[in-house]
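For the sequence shown, the numbering used here assigns the number 15 to the initial residue and increments by one for each residue that follows.
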Amino acid sequence: MNKLAKYIAGIAGAVIIAFLAWFFADILIYILISAVLSLIGKPLMIYMSKIRIKGHTLPQNVTASVTLISLLGIFFSFFFFIAPLAGDLISTVSSMNMDTLNEKISEPLANFNSYMLETFPGLSSNFKIEDIIFKEFQNLINAETLTNFFTSITSFLFDFAIGVFVVSFITFFFLKEQEMFSNMVLALFPDKYESNVKRALESIFNLLARYFIGISLETVLITILNGFGLYFIGGVHFSMAIILGLVSGILNVIPYIGPWLGGIIGVLISMTDIGLNIPDAGVMIFTLGMIFFVTHMIDVFLFQPYIYSNSVQAHPLEIFIVILIASSIGGIIGMLVAIPAYTVIRVFAREFFSNFKLVQKLTEKID
15 MNKLAKYIAG IAGAVIIAFL AWFFADILIY ILISAVLSLI GKPLMIYMSK
65 IRIKGHTLPQ NVTASVTLIS LLGIFFSFFF FIAPLAGDLI STVSSMNMDT
115 LNEKISEPLA NFNSYMLETF PGLSSNFKIE DIIFKEFQNL INAETLTNFF
165 TSITSFLFDF AIGVFVVSFI TFFFLKEQEM FSNMVLALFP DKYESNVKRA
215 LESIFNLLAR YFIGISLETV LITILNGFGL YFIGGVHFSM AIILGLVSGI
265 LNVIPYIGPW LGGIIGVLIS MTDIGLNIPD AGVMIFTLGM IFFVTHMIDV
315 FLFQPYIYSN SVQAHPLEIF IVILIASSIG GIIGMLVAIP AYTVIRVFAR
365 EFFSNFKLVQ KLTEKID
């Protein structure tokens, strides 16, 4: 009976913690981002702690400040690199001639419509895929949508500035006091579970470090493959090819729908960059689509098995089911955080519920 009471108390405590995490989600996200940044900056902190000036090591305040400035410098350097390319992208999109675009893609669309009518006789004889696309596009782009968009951009920039300040402030103290985050987590558990929690945190840090490194590497590789493919095969201008490669690499982080979204955006904008007046526009659209498709296949069969399976030590089907559940709960955001959240849950389940057969099966691959 005492065991049952302990399990009930443990589950109740977990539910309360989960509720508080949901209620204070914004603050929790700031803390988690700061924790990740402090892990990234830890090697630099260790290196600078070995520097001696006249027999004295650098103060923790100094090493933490230099590390934080270095992290911010990398972030803003990346931003200033992307900004001109994004300007080119916006300029290209704004100069799109929709009539010319419609004229050039009308033949491939007509072939597609004929194929659909032959394959699905139940469709109306007036079926045209372009009518559906342009109708949805018109519904999407209207005065109200644009007003809401610019309002959202203003709100986002304000929230982003606050977020950068808050994350920088928290990260500074996480860098200065390396054990602060671990101690915050340990404070949530009774002393008798301290060793279990420490083991869990160490395992989580290792697994998530491998996962985020893998995701970053995957983004870079997708950017290179699509960027150089668009430049050398598609004939897209270099700066535009790189920005489209980067967009597809970033969108690729969204499981399953991200690669297709990146490919569609890439093909449409590449066509405007190359020029819509070229002969055989349909062949060019097919070629551009194949660049993204081949890259996606390389990603699926080469990159993802390592990143999504080996890095977090879970079966691919297991990961797929987790992402489906997360998408039904939280949409795209849920899909993005599914694997890290599942990793944390698995590790803590192994430490505290290892006597359950289901937990044993789900965590048997974790080192």
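Positions of the beta carbon are idealized from the N, C-alpha and C atoms, including for glycine.
- Between the stretch 252 to 259 and the stretch 344 to 360 there are fewer than three inter-stretch CB-CB distances shorter than 8 Å, so the stretches are not counted as touching.
- Taking C-beta atoms as the reference points, valine 361 and serine 196 fail to come closer than 7 Å.
- Under DSSP, the beta-bridge partners assigned to threonine 71 are Arg66.
- Between tyrosine 225 and valine 314, the C-beta spacing is not below 7 Å.
- With respect to the 7 Å criterion, alanine 78 and phenylalanine 186 are classified as neighbours on the basis of their beta carbons.
- Contact between the stretch 76 to 92 and the stretch 201 to 221 is not established, with fewer than three Cβ pairs separated by less than 8 Å.
- Annotation for leucine 350: the continuous alpha helix (DSSP H) segment containing it runs 330 to 366.
- Pairing phenylalanine 246 with isoleucine 30, the inter-Cα distance amounts to about 55 Å.
- For proline 135, the number of other beta carbons within 10 angstroms of its own is below 16, and it is reported as exposed.
- A Cβ-Cβ contact shorter than 7 Å links serine 52 with phenylalanine 188.
- Pairing isoleucine 83 with leucine 72 gives a Cβ-Cβ distance that is not under 7 Å.
- With 16 or more other Cβ atoms from the protein chains shown falling within 10 Å of its own Cβ, histidine 310 counts as buried.
- Taking leucine 265 as the centre and dropping the five residues before and after it, the same chain places the C-beta of Gly272, Leu275, Gly276 closer than 6 Å to its C-beta, in chain order.
- Collapsing the DSSP output to three states places glutamine 374 in a helix.
- Taking the Cα positions, phenylalanine 317 is about 18 Å away from valine 261.
- In the same chain as methionine 62, and ignoring 5 residues on each side of it, the C-beta atoms closer than 7 Å to its own belong to Leu72, Thr77, Val80, in chain order.
- Judged by DSSP in its simplified three-state form, glutamine 192 adopts coil rather than helix or strand.
- DSSP, read as helix, strand or coil, puts leucine 202 in coil.
- Residue Leu302 holds the alpha-carbon nearest to the alpha-carbon of leucine 282 among Ile268, Leu302, Pro269.
- Within a 10 Å sphere around the beta-carbon of lysine 68 sit fewer than 16 other beta-carbons, which makes this residue exposed.
- Residue environment analysis places valine 297 among the exposed positions, since fewer than 16 neighbouring C-beta atoms fall within 10 angstroms of its C-beta.
- In the three-state scheme derived from DSSP, where H, G and I count as helix and E and B as strand, glycine 136 is classed as coil.
- Straight across, the Cα-Cα distance linking isoleucine 236 with glycine 280 is about 13 Å.
- With a beta-carbon spacing of about 15 Å, isoleucine 60 and leucine 85 fall beyond the 8 Å limit used to define contacts.
- Secondary structure note for asparagine 266: it is in no alpha helix (DSSP H), with a DSSP letter that is neither H nor E.
- By the neighbour-count criterion, in which a residue is buried when 16 or more other Cβ atoms sit within 10 angstroms of its Cβ, glutamate 365 is buried.
- If you draw a straight line from the Cα of isoleucine 321 to the Cα of isoleucine 337, it comes to about 14 Å.
- In the structure shown, glutamine 318 falls within a helical segment according to DSSP collapsed to helix, strand and coil.
- Here the C-alpha atom of asparagine 127 lies approximately 6 Å from the C-alpha atom of lysine 142.
- Taking each of Pro204, Thr133, Glu208 in turn and checking the Cα distance to glycine 27, the smallest one comes out for Pro204.
- Taking each of Ile227, Lys206, Ser341, Leu137 in turn and checking the Cα distance to tyrosine 270, the smallest one comes out for Ser341.
- Cβ contact annotation for isoleucine 305 (same chain, cutoff 7 Å, sequence separation greater than five): Asn240, Gly243, Leu244, Ile247, Gly248, in chain order.
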